[in-house]
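Working notes for the structure below.
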Amino acid sequence: MRKELALLLTIMLLCYCFTPFVSAEETAAPKTPSTTTAPKPSTKPAAKPAAKPTATPTVTVDTYLADQLSDLKSLSKDDKKKINVLLKMDAIEKSSADTFGVEDAINRAQLAKTATLVLGLTIENMVTGSSFTDVSTNDVSSHYVEALKKANLTYDAVDSKFNPTGNVTRQELAMLLIKGLGLDEKAKAAAPSKDETVDANYKSYVTYALQQKLMTNQADGKFGGTVTVTRKTLALASYAALQLHLTTAKPAKASIAEVKVIGKTKMIVRLNRDVDANKAVLTVTKDGLLDSDGEPLPLTGGVDWSEDNTTATMNMDDKFVFGSYQVVLSDVDVAKGTMTFMPETERVTKVEFVTNTEKLPKSKVLIEYKATNQFGEKMELSASNVNVIVSASATKNVVPTIYSSINAIGMDLSNVLYNSSITVVILEKSGYISVSKTFPVGDPPQVKKIDLGDAKNNIKLPSGQLLFRSGEKAYLAFKAYDQYENRVVDPLYLNIGIQRMFTGGLGNVFKSEGQNDFVDFENDGYPDLQLVAYPGLNSDKEVTITLFYDGKQVSQTVLVRTPKSPSAITIGPLAKPMTEGDTNVSINLKIVDSSNYELTPAERASLLSSGKISLFATGGITLGNPAIDANGAIIVQQVTGPGPATINIRQNGTNQVVTLQTNIETGRKPDKIIVDANGSAANVLALNGLANGVTTAKAQFIIYDQFGIEYKTKRDDYKVQLKLEKISGDTGSVVSVTYGSKKEVWLSDANLVALKDLGDVDITSLTFNPSPTLSGSYKLTATIVHVEATTGQILEALSSDSVTVDVKNIANANLTYSVEMSASGDLFAIGRALLDTGAAPTVTDITYLLADYSMLTQTAVVKVKDGSSVEAFSITPKAVTSDNPKVIGTRGNRVIGLDTGRTNLTVWYDSPLGGLQKLTITKGSNVDILVPTEIKTNGGPATFTGDPAAILNGKYIWDSSLMGKLQATTGYGTINLHQATYLLGVTGVQAFISDIEYTTLDTSKQDQIVVNPDFTLTYTKKGGTRTIKQFAIYVVAGTYSKSFVVKLE
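With mature numbering (1 follows the signal peptide of the UniProt record, and there is no 0) applied, the sequence shown corresponds to residues -24 to -1, 1 to 1025, in that order.
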């Protein structure tokens, strides 16, 4: 009530003092602010915590954060590294922004935070009360105190009081850390310390803490049990405890220890131990947000794990809103993998003016402000959340307009009296925050400076327009500043103060659509220079735009494209039949001009937008709008009915029409189900009686429509019926059939039939889980059934296929064992090849070869099958040995060719029946012609800024700043040609430059770029200005090619 009254009184005061008084208007539909959450601090245990703790630090030096604190500079590097670790994980507080407080005494609230985080204790976000009368739920330390309470580490609290501001002694710290690490029993068994400075109850804990090197004695050789703990002591002891927690005292299974929202889309998830970040899956859901099956809908976003794999930073694609969320940890061994959290609504904590100037011109102006949320992030304020009050001496009311997308206020000061001032007040409603500023109003603006910005990004195109073409518009973004250093936003004074001149292009290229060429294209309050290209230009035009102002000038060159004229048009063929109900069908389109040049996707699209071609369809086909997409393909928006249909392209200059005739089929429907040969076989084997348990078996089905195309569409009138039946042997030998990674039980002896949606059985494998003792055979039959859509009653069975699983005891399975190599052919004798070319002094340096040429190795595995050749499982060998190690070298289960010849390889493995066994195979090693079937490089494109000759000359095409690698896939495996350069000639690999884009059409001024015979680059400039914008490096071999784009700025 007090806040509302204060706001009311403020507005009344402003009404009284300021004339005229007007409200803000929004230029467009207001944007509703999203919400997010973080623990709301009200009191603090000591210095204010960092506003934004980060799970994955951006610092690269291991003492960077500690080096920023003045009183840590004298510490050893080792101590600073330890403190740095705690600072990065926000586990210890500083005394101020630039000091650590080395000798400051710490209190129990500070200890609670540090201990909770280094010991991986669970922090419950949903706790609503406090267990202690002297700790408020609003205290920032309350969550940490409750975490200690839950872990039974508040054993010294008295009369329901935690004493958060009380000091901590060294012996108390030793006991807490030992108990928190789960070492209580071991500490009690330790010999009590004979140190008279330690109280009796703590003696064994101090002994054990010293043994575990958690703490050390003081300089006088005594522990000093009753001495108050300093921040340095806490840091070093806590670091030692953290190392124990992550190693010898690490929990067996992972649990979510804390979930903390640290931004409007950002949260951290802290675990009580490290996990395999490549396997761990974190899923976030929100109560009430369900998918089409009524299941919680996982929210999308990215996950970034900390270096120690204990903390994940999650950046969600959408803002958090108020409500109950859950985060779930899966795919690793989990003890407690679910935690609920409830973000608070995002709120404004600060509003400030950010306009640089202190004086405004007598014209239209834009005043920028900044709103900051509780996370220190910039916040967008909608007009509905803001009142703007303007007081000015003017002949007409000054009406403010809010541009919420950029947090700015627009107003026209043309009618404000000379030498007067205006006062602008911003009232943010939800947080009751107000800020005001008075601006003197001067003369009308004069353009004193123009900044064109980045020439690559300052040309804006209307939505759907990929290039600036003849007959179309583009907008040149720029910043003009007046004599007061304000952005000039009034089109009147932009037209007065800026003269435009267009040169080049051999004729008129741009036309004016009136006196005002300055248009607010993006409706953000900042006008851009509108460029309108004449239609019907006969060639590409390169035009230099020069802007003259205040005796100065700036210029930029713009290229206006002219659509090429089509000579031959090919539509299709269709990748698959079109059927009734299909949507967003893409159809290939090929267009060449009279020189047999094939038009790019953008050029194909420009033919349509410029009117050189038009598309129309007949029958049940509705074309997209536009009918040619950004990929240059024809888009069928919808197929509405069966029967004959056509797609037609007319060349409007000649009226020639190219037609694709087709017949629209009736709607797709599931027609056939088969066992997926890639995912499973018709007969599978599961074993029990193994020393380490059982082996499961997999089955997977795939569904096709009536045209033989894979079908995945979910429908109410078609289902898949799964039926499990025993063929022979013991009932219960198959305990269950489960689905997916969550192992959802679908079938068992208690539930032999299940009706499932299409799509469930052709994506994720079904798993047969065998009994540990029983043997038998079961058959799983999958049948497509036509059902009544509303009742689910089965009307007819359409197609079926089945998988038989045999469950056998390993002792009775008549198993066979065979060696399977990762490649069937001989090995490439890389050692001999290196020796013959002088690249190595010997052929037998296996350590070197395995490290640098691992792509040429083969890996051995032992396949285990039953008497019917049904595969059960695979075994990784313990070792592979060679009877001629000069020909083929071995390491673990890997082999590599050293010299030409053949040798016997012995594969050693642990038998599932017990004991070490061996198998022998023969393998050859040769030096032969390497014919690449594929060439691989790293991603791209690469972008370079500066003198291209200085940057590129002498660089190999596989330089880390370019391709990064050059690999060729051959019959012997994949070869790193950037390492084995002598093999480039053997593989027939060549490289050259193509697809050059120039900044000028004048060939005499065009720079040159070539690939030299040694695969280095040479860039030759024709003048002082770079004239190549982009080029592609092509690598070819045989019939295969690979390109890599390089952009120059």
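Note that beta-carbon positions come from the ideal geometry of N, C-alpha and C, so glycine has one too.
Assigned exposure category for residue i - 16 Cβ within 10 Å defines buried
i, result
"M355", "buried"
"M290", "buried"
"A765", "exposed"
"F592", "exposed"
"Y394", "exposed"
"Q194", "exposed"
"I402", "buried"
"K53", "exposed"
"T520", "exposed"
"Q943", "buried"
"V633", "exposed"
"R878", "exposed"
"Y379", "buried"
"D652", "buried"
"P620", "exposed"
"P646", "buried"
"E404", "buried"
"G352", "exposed"
"Y178", "buried"
"F298", "exposed"
Same chain, Cβ closer than 6 Å to residue i, five either side skipped, listed in chain order
i, result
"P989", "none"
"L513", "S446 and T538"
"F1020", "T913, G916, M939 and I1009"
"K326", "T348"
"D496", "P503"
"L63", "L41"
"V37", "With a pLDDT of 45 at V37, under the threshold of 50, the modelled position of that residue is not reliable, and no figure is offered here."
Among the options, the one whose alpha carbon lies nearest that of residue i
i, options, result
"S585", "E574, L599 and A603", "A603"
"A165", "L152, T594, S300 and Y184", "Y184"
"R808", "T224, I897, G865 and T1003", "G865"
"F920", "V1022, L734 and L666", "V1022"
"A675", "D777, L97, I703 and R626", "D777"
"S381", "L357, S747, A370 and N373", "L357"
"Q44", "L810, M65 and S72", "S72"
"T555", "N639, K755, D526 and D875", "N639"
"S850", "S798, S747, G900 and F76", "S798"
"S563", "N101, P924 and T546", "Reading the sequence as shown, one finds Ile at residue 563 and not Ser. Out of N101, P924 and T546, T546 has the C-alpha closest to the C-alpha of I563."
"A770", "T642, K784 and K732", "It should be pointed out that residue 770 corresponds to Ile in this sequence rather than to Ala. Ranking T642, K784 and K732 by Cα distance to I770 puts K732 first."
"G858", "V1012, G891, S901 and G843", "As written in the sequence, residue 858 is Ser, which differs from the Gly given in the question. The residue with the shortest Cα to Cα distance from S858 is S901."
"V392", "F415, Y885, I409 and S410", "F415"
"N560", "N601, V61, P272 and N572", "N601"
"K899", "E322, R870 and D886", "R870"
"N462", "F486, V341 and N373", "V341"
Same chain, Cβ closer than 7 Å to residue i, five either side skipped, listed in chain order
i, result
"D706", "L750, S751 and G752"
"T109", "S136 and K137"
"K424", "Y457, D458, Q459 and D526"
Any non-hydrogen atom of the ligand ATP within 6 Å of residue i CB
i, result
"V324", "This structure lacks the ligand ATP; in fact it carries no ligand of any kind."
Spatial neighbours of residue i in its chain, beta-carbon cut-off 8 Å, leaving aside the 5 residues before and after
i, result
"K941", "K912, T913, N914, W934, N952 and H954"
"K1005", "E973, Y974, T975, K1023 and L1024"
"G617", "E556, G595, G596 and I640"
- request: Check whether the segment 535 to 543 touches the segment 592 to 601, counting contact only when three or more Cβ pairs, one atom from each stretch, lie closer than 8 Å.
  value: Result no; under three Cβ-Cβ pairs closer than 8 Å.
task: Evaluate the contact criterion for the segment 901 to 915 versus the segment 930 to 947: three or more CB pairs, one atom per stretch, below 8 Å.
output: Flag = yes, the segment 901 to 915 and the segment 930 to 947 touch.
field: Residue ranges of each alpha helix (DSSP H) within the segment 310 to 372, 4 or longer
entry: Fully enclosed alpha helix (DSSP H) runs of 4 or longer: not present.
query: Whole beta strand (DSSP E) runs in the segment 464 to 531 with 3 or more residues, listed along the chain?
result: Complete beta strand (DSSP E) runs here, min 3: 475 to 479, 504 to 509 and 517 to 525.
- prompt: Within the chosen definition, does the segment 91 to 102 reach the segment 214 to 221 through at least 3 CB pairs nearer than 8 Å?
  reply: The answer is yes - the segment 214 to 221 touches the segment 91 to 102, with three or more Cβ pairs under 8 Å.
task: Could you pull out every unbroken beta strand (DSSP E) segment of at least 3 residues lying fully inside the segment 371 to 453, listed in chain order?
output: Taken in chain order, the unbroken stretches of beta strand (DSSP E) that lie wholly in the segment 371 to 453 and span 3 residues or more are 377 to 379, 384 to 388, 397 to 404, 409 to 416, 425 to 427 and 449 to 452.
field: Sequence ranges, alpha helix (DSSP H) only - wholly within the segment 821 to 891, length at least 4
entry: The qualifying runs are 822 to 828.
message: Quick check: the segment 299 to 319 against the segment 227 to 237, are at least 3 beta-carbon pairs closer than 8 Å?
response: At 8 Å Cβ cutoff, the stretches touch.
- request: Write down every uninterrupted run of the alpha helix (DSSP H) in the segment 161 to 245 whose length is 4 residues or greater and which is fully enclosed by it, in chain order.
  value: Fully enclosed alpha helix (DSSP H) runs of 4 or longer: 179 to 187 and 207 to 222.
task: Write down every uninterrupted run of the beta strand (DSSP E) in the segment 606 to 685 whose length is 3 residues or greater and which is fully enclosed by it, in chain order.
output: If we require 3 residues or more, the beta strand (DSSP E) runs fully inside the segment 606 to 685 come out as 610 to 615, 619 to 627, 632 to 640, 646 to 651, 659 to 666, 669 to 671, 673 to 675 and 677 to 681.
field: Runs of beta strand (DSSP E) lying entirely within the segment 889 to 973, each at least 3 residues, in chain order
entry: With a minimum length of 3 residues, the continuous beta strand (DSSP E) runs that stay inside the segment 889 to 973 are 892 to 902, 910 to 913, 918 to 920, 942 to 946 and 949 to 952.
message: Could you check whether the segment 139 to 149 touches the segment 167 to 182, counting it as contact only if at least three pairs of C-beta atoms, one from each stretch, sit closer than 8 Å?
response: Between the segment 139 to 149 and the segment 167 to 182 there are three or more C-beta pairs closer than 8 Å, enough to call the two in contact.
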